[in-house]
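Just so we're on the same page, the working numbering is the position in the sequence shown counted from 1, plus 12. Heads up, the beta-carbon is just placed ideally off N, CA and C, and yes, glycines get one too. The structure appears right after this line, and notes come after that.
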Amino acid sequence: GWLVAPEDAVGDLEKLAQNLCISAPSMAQHAALACFEPQTLAILEQRRAEFGRRRDFLLPALRELGFGIAVEPEGAFYLYADISAFGGDAFAFCRHFLETEHVAFTPGLDFGRFQAGHHVRFAYTQSLPRLEQAVERIARGLRSWGV
Numbered sequence: 013g014w015l016v017a018p019e020d021a022v023g024d025l026e027k028l029a030q031n032l033c034i035s036a037p038s039m040a041q042h043a044a045l046a047c048f049e050p051q052t053l054a055i056l057e058q059r060r061a062e063f064g065r066r067r068d069f070l071l072p073a074l075r076e077l078g079f080g081i082a083v084e085p086e087g088a089f090y091l092y093a094d095i096s097a098f099g100g101d102a103f104a105f106c107r108h109f110l111e112t113e114h115v116a117f118t119p120g121l122d123f124g125r126f127q128a129g130h131h132v133r134f135a136y137t138q139s140l141p142r143l144e145q146a147v148e149r150i151a152r153g154l155r156s157w158g159v
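Set out below in structure tokens:
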């Protein structure tokens with residue numbers, strides 16, 4: 013970045029920028045150490061396991077409904093799904109489900125250009141009961157979409 017400042021302040025500001033940009037501030041380093049405490053690692057493992065349960069529910073449920081999901085996520089909480097079997101474009105498809113079933117997922121164009129017009133992204137950041145409800149609504153929405 014850059015900064016406009018009085019000439020007599022530039023030297024001190026350069027030193028400040030070097031400390032902020034070249035090395036992590038001491039406070040951030042101390043905060044990072046907390047990430048390796050046993051209780052923090054236990055919380056992390058609980059969260060990882062929960063996202064795994066959600067993925068393990070949503071992935072086969074969407075595939076059963078006809079969504080093409082080529083890659084099983086291993087480190088994120090998203091599913092990138094091919095909707096070409098259902099016809100139409102991703103924007104219209106997403107809008108249909110948002111307006112008729114109150115389920116939100118995102119057109120693929122927000123995540124790249126490769127075949128984005130017939131891909132959507134699902135995030136499994138909601139609780140398992142909400143994901144179960146969403147799958148029921150998606151199944152109903154597919155019927156009203158004409159599948």
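If you count every other CB in all the chains shown that lies within 10 Å of the CB of residue i, and 16 or more means buried, which is it?
i, result
"Arg155", "exposed"
"Ile95", "buried"
"Glu111", "exposed"
"Phe48", "exposed"
"Cys33", "exposed"
"Ala93", "buried"
"Glu113", "buried"
"His131", "buried"
"Gly120", "buried"
"Ala43", "exposed"
"Val115", "buried"
"Ala146", "buried"
"Gly23", "exposed"
"Leu15", "exposed"
Got a sec, what are the start and stop residues for the beta strand (DSSP E) residue i sits in?
i, result
"His42", "Segment 38-45 is the alpha helix (DSSP H) holding His42; no beta strand (DSSP E) there."
Checking the sheet assignment: what are the DSSP bridge partners for residue i?
i, result
"Tyr90", "Ala135"
"Thr118", "Arg133"
"Gly80", "Asp94"
What are the boundary residues of the alpha helix (DSSP H) that includes residue i?
i, result
"Asp101", "Neither: Asp101 is in no alpha helix (DSSP H) and is coded neither H nor E."
"Glu76", "50-77"
"Val147", "140-157"
"Gly124", "Per DSSP, Gly124 belongs to no alpha helix (DSSP H) and is neither H nor E."
"Leu28", "22-33"
*At a cut of 8 Å, does the region 100-108 reach the region 85-92 through at least three beta carbon pairs?*
no
*Do the region 136-144 and the region 53-70 make contact, defined as three or more Cβ pairs closer than 8 Å?*
yes
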